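Chains as they are written, first to last, in this note's numbering: chain G, 26 to 781; chain A, -7 to 138. Note that CB positions come from ideal geometry on N, CA and C, so glycine has one too. Small disclaimer: the values here were computed from a predicted structure and weren't measured.
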Amino acid sequence: MKIIGKKTIRVDGESLVKGKPVFADDIKLNDLLYIKILHSPIAHAKIKNIDSSKAMGIDGVVAVYTHKDFNKHYYTTAGQGYPEPSPRDYRILDDTVRYVGDNVAFAVAESVDIAEKALEAIKVDYEESPANFDDTKAMNSPQMHPSDGPTGIFNVKKNIAANLRAEVGNTKEALAKADFVFSKEYSTPFVQHAHIEPHITLTWLDENGRLVIRTATQVPFHVRRIVAEVLDFPLRKIRVIKPRVGGAFGGKQEIMTEEICSAVTLKTGRPTRLELTRKEEFYASRSRHPQKVKFTFGLNKKNEFEAMEMDILENCGAYGPHALTVMSVTAQKALSLYRCPNIKLEANAVYTNLSIAGAYRGYGAPQGFFPLESIIDEMANELNIDPIELRKKNHVQLGDDIPIGKIIGEGGEGFPVIVRSMGLTECLDEGKKLIGWNKIKSEKQKGIVRRGVGVAAAGQGSGIPGIDMGAAFIKMNEDASFNLLVGATDLGTGSDTMLAQIAAETLEVSVDSIIVYSSDTDYTPFDTGAYASSGTYISGTAVKKAAEKVKAQILDIGMKILGVKKAEIRNGWVIAEGGKKISYSDICTKAMYTDEQQQIMAEASHMSYDSPSPYNATFADVSVDTETGIVKVNKIVSVTDIGQVINPQMSEGQVEGAIPQSLGMALTEFMIFDEKGAPINTDFNNYHIYTAIDMPEIVTKFVNTHEPTGPYGAKAVAEIPINGPAPAVANAVFNAVGVRIRNLPITPEKVLSKIL
Amino acid sequence: MKIKFILNNKTIETDIKPGQTLLEYLRENEIYSVKYGCDNGECGACTVLVNGKAQNSCLILMHTINNCKIETVESFSDHESLHPLQKSFLDEGAVQCGYCSPGMILSAEALLRNNVNPNEDEIKDALAGNLCRCTGYVKPIKAVQK
C-alpha cells in the first residue's frame, strides 16, 4: 500500500496552524443577537413565577423567553440514532428545575454584556422541593420526573432512568463450585470533557428563509432531526454546517445550544449566537456518568474464570441522555474481554439532583475497565500469580464467539460478537518489555518515595453494530482530482485526512488529489456522526466502496475510449495490453466534454453488524511519596491493536491524547458538589486537567493485526486508549505502596489515609 | 479613550470601550486565531505576544496596551510560506483540533526568541499555560524541539 499506513499530513492542518477563521465562532454576522441562559441556583424546585419585566426594560434587551414560550415537547438531548435509546425526559424549558444549573430562561440582547445584565434582572420565585444527591438512595427518594409526559424512563416512580439485565450460564451454581471467589466494589466520579472550545452555535435565516445552524457538533444530522422535532419546524428547511470543531470527546454529541439558538432565530428572525462560558461547561453541560461497579469472580484451580457477576449503579444526574447505552457499553465491553462461561449483569441508571452526565470518550467503557482491571490485579495478588499471565490465560482469542456481547448489544439484544482479529497477547508482551516490568518489579521498595508498576488490558468497539451508518459521495474533476463529500464529522480527530487517505489509496492517486468536504447536511450524504469509534471502520468503508465504484467507472470509460476490452489501472492511468494507455485526466476530460458525456461519480453507504474490538495494554510506572501521598506517574506505555494503522502519526496522537484524560480521571479530575448540590470546582484552577508539565514520558506502539471486515484491515483507535491508564495507575500504586484505592480519583488524602 | 499600538506590524489608533479586553478587541476585529477558552487566564487559547512575551489576552484590558507591540499568528505566515514553528507543528502532527495551536505556537515562539536551544523541561514550562485536551502535549513538545 502506498498511502495507508504512511505518514500523511492532515488535510486541514495548514489552515489551523495559520489560525484561519475555520471554527464556528470565526464569522461576522450582521444584526447578531446574543443569548445567555439563566441557570437555576437551586437543585430541585417548581418555578412559581418568572418576572422579566425589569430585564425587558434594559436598553438592548430584545426578549426573555421562559417555559411559557415553548411547547411541552419531551425529548432527549442525546445525539444518537433514531429512535433514541435514551429516555425522553427533557424539555427546552420546563416549569421544574432539577439540578443547580438547570435552564430557567433565555435572555436575548444586542450584546453579551446586556444579556448578562438581563439575567441579573430576571426575578424567579422558586418553590423548593427535597433534593437527592446520593445515587445509592435515588430509588427511595421523591420522584424527580412527572409520570405523564416523559417516555422511555424505566421506572419513573423509583427514579430509574434505565435498567439492563443479562445472564449467560448460571453464575450462582458456578460461584458455588468455584475454587476461588473474589468480590469488590469500585467507583468512578463525574469528570469533564474539557474540550478547549466551548459549546458554540450560531444560527440565521438564509436568503430563502431556511434556518442555517453553524455549530460545534459531533452529530450534524442528529442536530437537524432533533431541532426540527423540538421546534416543530420542517426538517427540509434546516441546514446544519459543522466547521472545524475545537475538541468534543462526546461533549458535543449533545443537542444543548442548537435548539435554543434556532428557537430564538425563528422567533426574532435575526441571527443569534450562544456560547457557553467555561463555568457553564463545568456545571450546566455534560460529564462522564459516575458509576459504582461491583464485580464478583469465580475461578477454578487452573485460574480460569468460571463466573463473573457485574452490578452497575450509574448516576445520570438530573436527566437521562445516554443513560441506558453508556452503562450497556460499560458492561458489554468489560464482559467481552475475558472468556467466561457464566456471566450475570444487573445494571441500573438512576436520577439524582446533580449535573447531567452524557457521552464521554469511551462511553462507559472506562467506568467498566477501572473496576475490571483493578479486580484482576487484586485477584492475581491474592493468588500470587503474575497479573499479565492471568490476563493472557483468560482473555478472548481469535475466532471466539462472545455470547454476552450479543445479549447486551446497544442496550438490548444485539448482533453476534466474533473475534476476527486479536493482538492483545502481543500488546501485553510488548508493553511488558517497554515499561521494564521485571526490573521495576524486582526493585526492593524502601524509603520515602516508592516506585511501582501496573498493567491494564482493555477492549472497545468500532462503531455501533446494526445502527451506525456512514455515506460518501465522490465526483471526478478533469485534472484527476476528486471531491470527496462525507457526512463523517472531523472533531480534530483527523477523520477528513484518514478518509482522504482511503480514497487516495483506492483510486491510486495522491492524497492532495482528494478534496474533502464534510458534515454539511445540505451538501454531504448522511452519517450518524462522530461517536462510538465509528469513523475509520464505518465511514472509512463507505469511502472505500464509493472510491471502488468511481475507479470501476474510470476503467470502463477508459477502455471505451481506448477501444479495448481489457485494461488495468496503474498510478492514474488506464493501461491496455500492448501499452495503449490514457490518463485519468484525459478520461475525465473526454467524459465531460466529448465522449458520451457524463459525470464520473459514485456514492456508497456502509453499515455493519460487526463492531470489531481494538485491544490495548497500558502499563504505568509510578512513584508514590509515602509522606505526602502524592502519586507521580513516571511513564505510561500504551500498546494497541487497531488492525491496520491508516495514519501512524494521527493514531499515535489519539493514544497520546487519551492518556492524560484517563490520568486526570485517575488522579486529579472530579467534580465536587456542596451540600446543596452546587458544583464547587467550575474552572481550570480548581478542576485540574493535565498540562504540559504534568505529563509523564509516553510510549505508544501498535501491534500488527488485520481486521478482515475493516477498510484495508483497520479497526477503530479513538476510544480504546482511554480505558487503560486509570486502572494501570491504580495497580501501580498498589505495587508501590500496597495501598488499594477503589474509588477514583486517587488523591493524596486517600493514599495517605491508608498508609498511616 | 484613544490608544495607539502595533498589531501584527500595523499601527493602530483606536477608541476603546471601558473594560474591553484585548481578546474581545481582537476577535471583534476578525483576528480569529485568538480563541476564547475560559476568560480567566487558565487555558491559554487566547495567547498573544505583547512586546514579545506570551500573555493571555483575556486578562489584558485595552488601555494597558498603549504603545505596545501585539503579535498573533496572523503575522507569521502569508499565502505561500509558513513560520518554522507552524511548519514543525504540522509536520510533527502536533495539531489535532487546532483550537489551542495558535496559542501554543506563540508561547513556543516567545521561548525560542530568548532561548534558541531549550531543553524539554524549558519547553514544557513554556507550554504549561496552554491547555490542550487532544494531543497530550507529546507532539507539540517535539515540534518545538525541532
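At least one C-beta of chain A is nearer than 7 Å to the C-beta of T716(G). CA-to-CA, the gap between A572(G) and M501(G) works out to about 10 Å. Within 10 angstroms of the beta-carbon of I697(G) lie fewer than 16 other beta-carbons, which makes it exposed. By the neighbour-count criterion, in which a residue is buried when 16 or more other Cβ atoms sit within 10 angstroms of its Cβ, T240(G) is buried. The distance from the Cβ of N768(G) to that of S212(G) is about 5 Å, consistent with a contact at the 8 Å cut-off. Runs of the alpha helix (DSSP H) lying entirely within the stretch 322 to 383 of chain G and spanning at least 4 residues, in chain order: 348 to 359. Selection Y715(G), T518(G), G738(G), A567(G) evaluated against E744(G) yields T518(G) as nearest (Cα-Cα). Residues of chain G with a Cβ closer than 9 Å to the Cβ of Q47(A) do not exist, since the nearest Cβ in that chain sits about 16 Å away.
Contacts between K116(A) and chain G, judged by CB atoms closer than 8 Å, involve A717, I718, M720 in chain order. If only uninterrupted alpha helix (DSSP H) runs of at least 4 residues are considered, those enclosed by the stretch 391 to 466 of chain G are 412 to 419, 428 to 433, 449 to 460. When DSSP states are grouped into helix, strand and coil, Q47(A) belongs to the strand group. Listed in chain order, the non-local C-beta contacts of L349(G) below 7 Å within the same chain comprise P110, S111, A187, L189, A374, G436, local neighbours out to five positions each way being set aside. Nearest CB-CB separation between S93(A) and chain G: below the 7 Å threshold. Identification of residues in the stretch 2 to 22 of chain A having a C-beta nearer than 7 Å to some C-beta of chain G yields E22, given in sequence order.
D204(G) counts as exposed, since fewer than 16 other C-beta atoms from the protein chains shown sit within 10 angstroms of its C-beta.
The beta-carbon of E681(G) is placed less than 7 Å from the nearest beta-carbon of chain A. The closest CA to that of I97(A), considering only A135(A), T6(A), G33(A), is found on A135(A).
Secondary structure note for M626(G): its beta strand (DSSP E) is the uninterrupted segment 626 to 632. Contact between S676(G) and P750(G) is absent: CB atoms are separated by about 17 Å, not below the 8 Å threshold. Identification of residues in the stretch 508 to 525 of chain G having a C-beta nearer than 8 Å to some C-beta of chain A yields L516, G517, T518, G519, given in sequence order. Contact between A102(A) and L41(A) holds, since their C-beta atoms are separated by about 6 Å, short of 8 Å. Secondary structure remark: continuous beta strand (DSSP E) runs of at least 3 residues inside the stretch 551 to 610 of chain G, in chain order: 592 to 595, 598 to 601, 606 to 608.
Three or more pairs of CB atoms, one per stretch, sit closer than 8 Å, so the stretch 265 to 279 of chain G contacts the stretch 80 to 93 of chain A. Note that the C-beta distance between S99(A) and L119(A) is below 7 Å.
Each of R116(G), I72(G), G44(G), V89(G) was checked against the Cα of E63(A), and the nearest Cα belongs to G44(G). By alpha-carbon distance to T161(G), the top candidate from N378(G), H64(G), E334(G), E222(G) is N378(G).
Along the stretch 52 to 77 of chain A, the positions whose C-beta sits under 9 Å from a C-beta of chain G are T64, V65, E66, F68, S69, L74, H75, L77, read in chain order. Short of 8 Å from the beta carbon of R113(G), and not among the five residues preceding or following it, lie these beta carbons of its own chain, in chain order: Y99, Y100, T101, P175, T176, G177.
For the stretch 214 to 230 of chain G, the set of residues with a beta-carbon nearer than 8 Å to any beta-carbon of chain A comprises H218, A219, H220, I221, E222, P223, in chain order. Taking a 10 Å sphere around the C-beta of Q674(G), we find 16 or more other C-beta atoms and assign the residue as buried.
Bridge partners of T13(A) according to DSSP: L53(A). A contact between stretches requires three or more CB pairs, one per stretch, nearer than 8 Å, and the stretch 581 to 594 of chain G meets this requirement with the stretch 604 to 621 of chain G.
Ranked by Cα distance from P108(G), the options R311(G), I492(G), C365(G) are led by I492(G). The Cβ of G85(G) sits no closer than 7 Å to any Cβ of chain A.
Put simply, the CB of T127(A) is near chain G, with a gap under 7 Å to one of its CB atoms. One finds nothing in chain A with a Cβ atom closer than 7 Å to the Cβ of K142(G); even the nearest lies about 13 Å away.
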